[in-house]
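Be aware that the sequence shown starts at 0, since it is given in numbering that gives the first Met the number 0, and climbs by one per residue.
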Amino acid sequence: MNVIRTIAELRSVLNEARGEGKTIGLVPTMGALHEGHASLVRLSVEQNDLTVVSVFVNPTQFNDKNDLKNYPRDLDADCALLESERVDIVFAPEVEEMYPQPDTRQFSFAPLDSVMEGPFRPGHFNGVAQIVSKLFYAVEPHKAYFGEKDFQQLAIIREMTRQLALDIEIVGCPIIRESDGLALSSRNMLLTDDERKRSLAISRTLFASLEYAKEHTLKETKAYVEDSINAVDGFRLEYYQIVDGYSLQPVEEWSDCDYIVGCIALFCGKIRLIDNIKYKEVK
Ligand code: PAF
């Protein structure tokens, strides 16, 4: 496994591989890797001749300085996991390599970025688009892999790829959960034991709402989730939105469209967690 620090070296290695007709898969990450990332990496290794995993805690997508400071970092552990998954290249640049000067680009993904995370994390998706577009230009992958846990991010990256007319297939991968249901996240390791126990109420409520939804209206189901989450000590709900899985706009009735997803964001103590559940899906 080759650990590369600069875009120039990355390009030269990848140009050689492309010259040999190899296909390239990219898995962008911010490190602190877990089974969720491993599932994206496995799919890329299976579907491509060569897999690049980027490990970069992108400062431009953090709207909270403390969150950036506290974000877990452990490149050695990440490399050990990636080596065992037979990754070819780890791209782990310094901030100066990705941002030799401030990135002044302003993206607009309206209306995808004006809902859910949008109002709570101003500038977040612009920062995600800045770094993911730079990675796409540097790697020029055939396919790029993102988790469905960040449901809105995935929709926005698909839209960005369309807007920039990039010939990259965006592959969305299902949420990986702990055996007790908690969606895997690098932030889970920041939870205290007590918060970790409480955090179970998120997936439990979302799964219970699937059953509830069979006998209740969409509005009743939304209220059921909101009330259940608000009843948990130490939780602060930011939003629970039931949306069209493509446009991300709120839906009013179960019959309004054929792809319906419930997306939640809340603080468990000081740690912000997100999760989502599909009520209806086009297959
Ligand atoms: O999902 C993430 O970990 C990040 O937002 C990403 C896509 C790697 C961009 O920094």
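The beta-carbon is built from N, C-alpha and C at its ideal position, and this holds for glycine as well.
8 Å Cβ shell around residue i - same chain, five flanking residues per side excluded
i, result
"D73", "G30 and A31"
"R195", "L181 and N187"
"F135", "L25, A143, T160, L163, L165 and I167"
"L9", "I3, V51, I88, F90, A137 and V138"
"F206", "G180 and I276"
"F145", "P27, L39, Q152, L153, I156, I169, V170, G171 and C172"
"W253", "A212, T216, L217, I259, Y278 and K279"
"V231", "R197 and A200"
"K64", "none"
Coil, strand or helix - residue i by DSSP
i, result
"R271", "strand"
"L91", "According to the sequence provided, residue 91 is Ala. The question's Leu does not apply to it. Coil at A91, not helix or strand."
"A264", "strand"
"K282", "coil"
"D289", "Because the chain is modelled from 0 through 282, residue 289 falls outside the range shown and cannot be assessed."
"V12", "helix"
"V242", "strand"
"V127", "helix"
"V56", "coil"
"L49", "strand"
"L189", "helix"
"G24", "strand"
"P249", "strand"
"N1", "strand"
8 Å contact criterion, which residue i and residue j should meet: CB distance rounded
i, j, result
"E237", "A264", "4 Å"
"V26", "V2", "Not a contact, Cβ separation roughly 15 Å."
"D87", "V54", "Contact doesn't hold; Cβ gap of about 14 Å is too wide."
"E116", "M0", "In fact, because the Cβ distance is near 33 Å, the residues do not count as touching under 8 Å."
"L217", "V250", "6 Å"
"G171", "E147", "5 Å"
"A16", "L49", "5 Å"
"I6", "E96", "6 Å"
"T204", "S227", "4 Å"
Residue i beta carbon near the ligand PAF (any heavy atom closer than 7 Å)
i, result
"P27", "yes"
"I167", "no"
"N57", "yes"
"V89", "no"
"F150", "no"
"F145", "yes"
"Q60", "yes"
"I270", "no"
"I130", "yes"
"V127", "yes"
Minimum Cβ-Cβ distance from residue i to chain B less than 8 Å
i, result
"I156", "In summary, chain B is missing from the structure at hand, where a single protein chain is found."
Proximal residues to residue i (C-beta, below 6 Å), its chain only, five neighbours per side dropped
i, result
"S108", "Before going further, note that residue 108 is Phe rather than Ser in the sequence given. Within the same chain, F108 has close Cβ partners I155 and E158."
"I270", "R186, L189 and L190"
"F124", "D112 and I155"
"I130", "N57"
"Y70", "V56"
"T220", "S208, Y211 and A212"
"H141", "T22 and I23"
Neighbourhood of residue i by C-beta distance below 7 Å, restricted to the same chain and skipping five residues each side
i, result
"I175", "E34, G35, S38 and L183"
"Y245", "Y258"
"P132", "A quick correction: the sequence has Ser, not Pro, at residue 132. M159 and L163."
"C256", "D243 and V250"
"S202", "R176, G180, L181, A182 and D274"
"E84", "A37, V40, R41 and V44"
"L272", "S184, R186, S198, I201 and L265"
>> As an exercise, report each continuous alpha helix (DSSP H) stretch of at least 4 residues that is fully enclosed by the segment 142–185, in chain order.
In response: 150–162
>> For a minimum of 3 consecutive residues, which ranges assigned as the beta strand (DSSP E) are wholly contained in the segment 195–238?
In response: none
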